[in-house]
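Encoded as structure tokens, the structure appears first; notes follow it.
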Amino acid sequence: MPRSPQTPTTTPRPPASPTPDGREAVIVGGNRIPFARAGGAYADASNQDMLTAALDGLVARFGLQDARIGEVVAGSVLKHSRDFNLVRESVLGSALSPQTPAYDLQQACATGLEAVIGVSNKIRLGQIDSAIAGGADTISDAPIAVSEGLRHALLKASHAKSLGARMKAFASLRPADLAPATPRTDEPRTGLSMGEHQAITTATWGISREDQDALAAASHQHLAAAYDAGFFDDLVTPYLGLVRDANLRPDSSVEKLAKLPPVFGTSLTVPATMTAGNSTPLTDGASVVLVASRDWAQAHDLPVLARVVDGETAAVDFVHGHEGLLMAPVHAVPRLLARNSLTLDDFDFFEIHEAFAATVLSTLAAWEDAEYCRTELGLDGPLGTVDRSRLNVVGSSLAAGHPFAATGGRIVATAAKLVATRAAETGQVARALISICAAGGLGVAAIIESAADPSGQPGSGASADEAAPATGSDGAW
Amino acid sequence: MDVDLPGRPSTVKTLPGVPGLGGLYARAVLPGWPRLPGRGGEEPDDASLPEVTYRAADVVADPEHLVRYQRLLGEPVDDVLPAGFVHVLAFPVAMALMVRPDFPLPLAGMVHLANTVTVARTIRSDERLEVHAWARGLVPHPRGTQVELVTEVTARYGAGDAMEVVWRGVSTYLAKGVTRSGVGAGGSAAAPASAPFTPPMPTARWALDAGTGRRYAAVSGDRNPIHLSALTAKAFGFPRAIAHGMYTAARALAESGVGRAGAGRSGAVEWTVEFAKPVLLPSSVAVSITGDEASGFEYVGWDARRGKEHFRGHVTPGAS
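Protein sequence lines, in the order shown, are assigned to chains A and B. According to the working numbering, the first sequence is numbered sequentially starting from 302. According to the working numbering, the second sequence is numbered sequentially starting from 9.
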């Protein structure tokens, strides 16, 4: 096990939200296109096409035609060099005012969440009063033009008869095939794919095949149930014939998943447990979130689902095996909680990105491990236990798929609607913790909480009795 | 100007420059060259090493060569000589010694067992270096006869012409199946450790393609045929081309990051490697490099599929 803590003991600071003059960044809503499997429905769509579609869906949903938004911040992990201004070009192609500024951001799989945190900070500083954050990624379009290796892998995968064979085709990718580090590709410094890295972490934490399959099955079942209940009616806009995420298997079960052969960690000395079923598939898609000041939302007669409370980014030394590649959120969350004087028990929802089922389970196991929390996280004892009934309650990446930069926007919009709906039901503030791991040993965490009541007391660390009248959500959740 | 270190023969032969390895290999493997076993030449039965130190002065790195080395090994492109690059610069001087007619062991088929390099300080790319090389430690080995080649690199310090040792390498070689009468006065080499190897958790994987040997040959000048192609390797009894041992060690050094220049770093480092099974190309080598900057790194590489050890060593920061 590791020899010295990577995270110094956190010094709690006052809650970071709101800013001294009380400005808040509130989430008005989100929009995404259904996520497609690589080489599927969006095979002919570019990042720009998909991002533009996601923006136009948002415009239609909130009546933003010709609106000059303060800033649009998004990005793609797999991006053509010609798309240096991908987001600005998408804005120009959208129904937004051409006077809307934009910039590209890239932080691997955390791109979308980092974009949300960035625009929220600008809003809280008063530099802008509205923003759109998100991301788009295509496996089908972008890398084929830049990499023979990936093209071969995709062709091989498209000819493959089984999910496992398809995964194997991508496992053969080399760093030279794909400059940015992404799932199924190799980390530049280690030559190990993300799946192989996770397989080491999985073995270190002793995560069982059964637990991984159970989490994967639950993800599919939760996502399917949420679609059936209409939860995504105001979050997803159909695109190119897709109305639901193409990867979703409503009939997924532990029994079916148990039949898949392992694809990662097969050369380790311990039994391999990670399969195509409990790992996220390569996916195409785009998502955006509308963030604003409360005044701007009111002036435009728009709902308020939640506010962005705070965010924290961490990075770990995975290169020499000190920590697992995808374990950075494990470090980010305790720092974030300490700064906001919160514990895991203060959250109604946990949205932990399912890069692999084992990533989620390793994260939970780490937070429950007293020795690890002391030596690695600088805590006095275990961070705590995540109530599984509050975890990824409407499914996550294993079922929806994971178009790298688009995942953050999907999760933020989902979490915002969850807390708004819960607050509407209970009349109390509901809170969600978001955690997304990323290539390069990066991880981003964020807190959002319901904020429907303009007269509420933002920044309350524990205002369980705060009245929060229901607005902003007409879903059944 | 020279420190008279124990074991370093006082007779010095100054070479006109660092010799090319290609020519040295040609001399070693040409038909009829007496060093090649089984070619009918008279095999010397000498029990002693040549009592001479080879010297090459005014050795300066070629900037373009340095960049090619840095890119291949994953070292940052900067003005500092990686310890592995100094080996590339200096080792041909030792090799020249090994192809002398009175060197007691045949160069062809010699197996590199281990290598230890001690770097005293950061060496800048524009420094004018001097290389000394000599042989020592001729002892019987369970599988033949072992010898050590010492290569020492000195550079100026201060304002004058005073020289200091900045880099010192000891390369241990085995002449397989070769015995020399009279060898053994200095004691026998230890039998190779036979503890079974259990692969640890990997921290990296090196996908080494069939051209790996050719690319390192191009930057190191070590065009030993066993590294270049399956065909040429077969001529020397290997089923396929094998990766240069020093390539694997130098890549582990680069990936540890120890010994690089930088704020608060002296560049002092000890870098060792012991070679086990050769890496047959192409190959997927699982690697574990663990430790930290302060206390150094241990590394080991093995065949990802068969679990057989290829090499291991350490990279530890030295006293500045």
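Heads up, the beta-carbon is just placed ideally off N, CA and C, and yes, glycines get one too. None of the values given here were measured: they were computed from a predicted structure.
Residue pairing for G435/A: DSSP places it in a beta bridge opposite V589/A. Beyond the five residues adjoining it in sequence on each side, H95/B comes within less than 7 Å, by CB distance, of V125, G177 and M254 in the same chain, given in chain order. Against chain B, a Cβ distance below 7 Å from I653/A picks out nothing, because the smallest value is about 24 Å. By the C-beta density criterion, T187/B is exposed, having fewer than 16 other C-beta atoms within 10 angstroms.
Across the set A284/B, H140/B, S296/B and A262/B, the C-alpha of H140/B shows the shortest separation from the C-alpha of P17/B. Closer than 7 Å to the CB of T211/B there is at least one CB belonging to chain A.
By the neighbour-count definition (other C-beta atoms within 10 Å, threshold 16), L239/B is an exposed residue. For E160/B, the closest of A98/B, G166/B and N123/B by C-alpha to C-alpha distance is A98/B. At a cut-off of 4 residues, the continuous stretches assigned as alpha helix (DSSP H) that sit fully inside the region 641-711 of chain A are 658-669, 671-676 and 698-701. Close partners of G492/A in chain B (Cβ separation under 7 Å): A212, R213, W214 and A215. Only residues of its own chain outside the window of five on either side were considered, and among them P100, M103, G229, D230 and R231 have a CB closer than 7 Å to the CB of L29/B, listed in chain order. Per DSSP, the unbroken beta strand (DSSP E) holding Q154/B starts and ends at G152 to R164.
In terms of beta-carbon proximity, T502/A stays away from the interface with chain B, with every pair separated by 7 Å or more.
The beta-carbon of S663/A is placed no less than 7 Å from the nearest beta-carbon of chain B. Annotation: E282/B to F305/B spans about 15 Å, alpha carbon to alpha carbon. Neighbours of S274/B across chain A, judged by C-beta separation under 8 Å, do not exist; the nearest C-beta is about 21 Å away. DSSP places E282/B in the strand class (E or B) of the three-state scheme. At a cut-off of 7 Å between C-beta atoms, A312/B counts as an interface residue with respect to chain A. DSSP lists S291/B as the bridge partner or partners of L216/B.
Unbroken alpha helix (DSSP H) stretches of 4 residues or longer found wholly inside the region 371-444 of chain A: 387-393 and 412-426, given in chain order. Closest option to R452/A, judged by alpha-carbon separation, among A339/A, T722/A, A733/A and D688/A: A339/A. H460/A counts as exposed, since fewer than 16 other beta carbons sit within 10 angstroms of its beta carbon. Nearest neighbour of G166/B by Cα position, chosen from V158/B, E135/B, G185/B and L57/B, turns out to be E135/B. The DSSP-derived three-state label of S751/A is strand. Around S189/B, no beta-carbon contact reaches into chain A at under 7 Å, the shortest distance being about 46 Å.
The beta carbon of R595/A sits closer than 7 Å to those of E325, V327, V605 and P755, all from its chain and outside the five residues before and after it, given in chain order. D618, F619, V620, H621, G622 and H623: these are the residues of the region 616-636 of chain A whose beta carbon lies less than 9 Å from some beta carbon of chain B, given in chain order.
Chain B places a beta carbon closer than 7 Å to that of T570/A, counting this residue as a contact. Between A64/B and G117/B, the C-beta gap is not smaller than 7 Å, which leaves the two residues out of contact. The beta carbon of T280/B does not come within 7 Å of any beta carbon belonging to chain A, so the residue lies off that interface.
The Cβ-Cβ distance between G331/A and L536/A falls below 7 Å. Three or more beta-carbon pairs separated by less than 8 Å link the region 363-377 of chain A to the region 431-441 of chain A, which places the two stretches in contact. Taking the CA atoms as reference points, G82/B sits about 14 Å from H73/B. Not a single CB atom of chain A sits nearer than 7 Å to the CB of T324/B. Counting other Cβ atoms within 10 Å of its Cβ, F651/A reaches 16 or more and is therefore classed as buried. Taking a beta-carbon distance threshold of 7 Å, T298/B counts as an interface residue toward chain A.
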